[in-house]
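Visitor: Pasting in a structure now, in structure tokens, and then I'll have a few things to ask.
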Amino acid sequence: MAAVSAENLVRMVRLELGQDRGYGPGVEISDGQVVYAVRSAIAQYGRYYPKRSIQHFSAPVGTSTYTPNPIIRGIIKINLVRDTQLGLALPELSIIGARIIGTGGIVHWQIPYEYATFLEWKTGAEQVFSQRPAYFWSPEANKIYFYSPAAPLKVYLEGAVEWDYALDEEMLETPNDQDDNEPSAIKVDRLNKTLKEIPANHVNWVRDLSLARSMQILGRMRSKFKSIPTVEGKDTQMDGEELKSEGKELWDKISESMRRSAVSKIGPVFA
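This note's numbering puts the sequence shown at residues 107 to 377.
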């Protein structure tokens, strides 16, 4: 399946709203406004299916700081593993083959119940001896602060990142000619790269959300006027309020569909 592009989505929105080149009623929304709607749609999609960044790094004994790169907006999963030969930082323990030997006896790795009992004991002992590592994430600073009292750590981080950081791509310069009322050309190079990364079976969500946001934008524009005069001397009633209502209903419907689909597939994002 070929990847969808921003240009395709602009064309789709116009067709859905009833305009096909010189056919159908005029749609008073610019391509730039539709592109903004597409970016809003991707941001909403990313709430439930965030782009993931896998990062591995080490943290020394004591306190340390790590700056995620790329910037993350939430932590999906983080594992802290002691970087020691035994994987343990408790006194009077050693490992021989598949057994853990300590002053309290022998734990066989092959026996699930004994191993589970050992893990419970290990957790309690770490708390008593203040051996458990900890971390704190500051989303405002994009930094993770670690404290490891006994051993260096190997850290596995799975972070949620934004699909599209390209809002600056659509920021348009003010025209030099003040009489220039033509809409500016859209800039979508980075946006198209983002759209290529979204799974093909999720593109319909982005498409429908783009339409929903475009309907809301167009509805706000048309709501400024209840009617407009025509050449026949009659008034044409505007459908701004209906467009806003239908757009919000579609937006909420697709958002709920994504939420239900994502519940069983991803864990919570800690933000």
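Cβ coordinates follow ideal geometry from the N, Cα and C atoms, glycine included.
Give me the DSSP bridge partner(s) of residue 140.
Guide: DSSP lists no partner for residue 140.
Visitor: Apply the 10 Å Cβ neighbour rule to residue 152 and answer buried if 16 or more other Cβ atoms are within range, or exposed otherwise.
Guide: buried
Visitor: For residue 126, which of helix, strand or coil comes out of DSSP?
Guide: If DSSP states are grouped into helix, strand and coil, residue 126 belongs with the strands.
Visitor: On the criterion of 16 or more Cβ atoms from any shown chain inside 10 Å, does residue 358 qualify as buried, or is it exposed?
Guide: exposed
Visitor: Tell me the rounded alpha-carbon separation between residue 356 and residue 307.
Guide: Residue 307 has its alpha-carbon roughly 19 Å from the corresponding atom of residue 356.
Visitor: If I follow the unbroken alpha helix (DSSP H) through residue 322, where does it start and stop?
Guide: 309-328
Visitor: Which residue marks the beginning of the alpha helix (DSSP H) containing residue 290, and which one marks its end?
Guide: Careful: residue 290 lies outside any alpha helix (DSSP H) and carries neither H nor E.
Visitor: Kindly give me the distance between the Cβ atoms of residue 294 and residue 141, rounded to whole angstroms, as I take these residues to be in contact under 8 Å.
Guide: 6 Å
Visitor: Compare the C-alpha of residue 241 against each of 167, 154, 177 and name the closest.
Guide: 167
Visitor: Can you tell me where the alpha helix (DSSP H) with residue 357 in it begins and where it stops?
Guide: 346-369
Visitor: Apart from the five residues on each side of it in sequence, which residues of its chain come closer than 6 Å, Cβ to Cβ, to residue 139?
Guide: 323
Visitor: For residue 225, is the classification buried or exposed, using 16 other Cβ atoms within 10 angstroms of its Cβ as the cut-off for buried?
Guide: exposed
Visitor: Please confirm whether residue 171 and residue 251 have their CB atoms less than 8 Å apart.
Guide: yes
Visitor: If you reduce the DSSP assignment to three classes, tell me which class residue 185 lands in.
Guide: strand
Visitor: Measure from the alpha carbon of residue 300 to the alpha carbon of each residue in 271, 361, 243, then state which is nearest.
Guide: 271
Visitor: Rounding to the nearest angstrom, what Cα-Cα distance links residue 218 and residue 367 in this structure?
Guide: 34 Å
Visitor: Identify the continuous beta strand (DSSP E) that holds residue 155 and give its terminal residues.
Guide: Taken as a continuous stretch (DSSP letters only), residue 155 belongs to no beta strand (DSSP E), as it is neither H nor E.
Visitor: Measure from the alpha carbon of residue 162 to the alpha carbon of each residue in 346, 262, 364, 365, then state which is nearest.
Guide: 262
Visitor: Would you grab the beta carbon distance between residue 297 and residue 187 for me? Rounded to a whole angstrom, and I think it's under 8 Å.
Guide: Rounded, the Cβ-Cβ distance is 38 Å, inconsistent with contact.
Visitor: Rounded to whole angstroms, what's the CA-CA distance from residue 176 to residue 230? Just pull it up for me.
Guide: 36 Å
Visitor: If distances are taken between C-alpha atoms only, which option among 260, 148, 127 comes closest to residue 112?
Guide: 148
Visitor: What number of angstroms, rounded off, separates the C-alpha of residue 245 from the C-alpha of residue 256?
Guide: 27 Å
Visitor: Can the beta-carbon of residue 164 be found less than 8 Å from the beta-carbon of residue 259?
Guide: yes
Visitor: What's the call for residue 305, buried or exposed, on a 16-neighbour Cβ count within 10 Å?
Guide: exposed
Visitor: Do residue 353 and residue 318 have their CB atoms nearer than 8 Å?
Guide: A contact, by the Cβ cut-off of 8 Å.
Visitor: Which residue or residues does DSSP assign as beta-bridge partners of residue 250?
Guide: 172, 243
Visitor: Name the residue from 157, 179, 128, 302 whose alpha carbon lies nearest to the alpha carbon of residue 247.
Guide: 179
Visitor: Going by alpha carbons, who is nearest to residue 253 out of 266, 136, 238, 363?
Guide: 238
Visitor: Between residue 122 and the rest of its own chain, which residues show a CB-CB distance below 8 Å, the 5 nearest in sequence each way excluded?
Guide: 317
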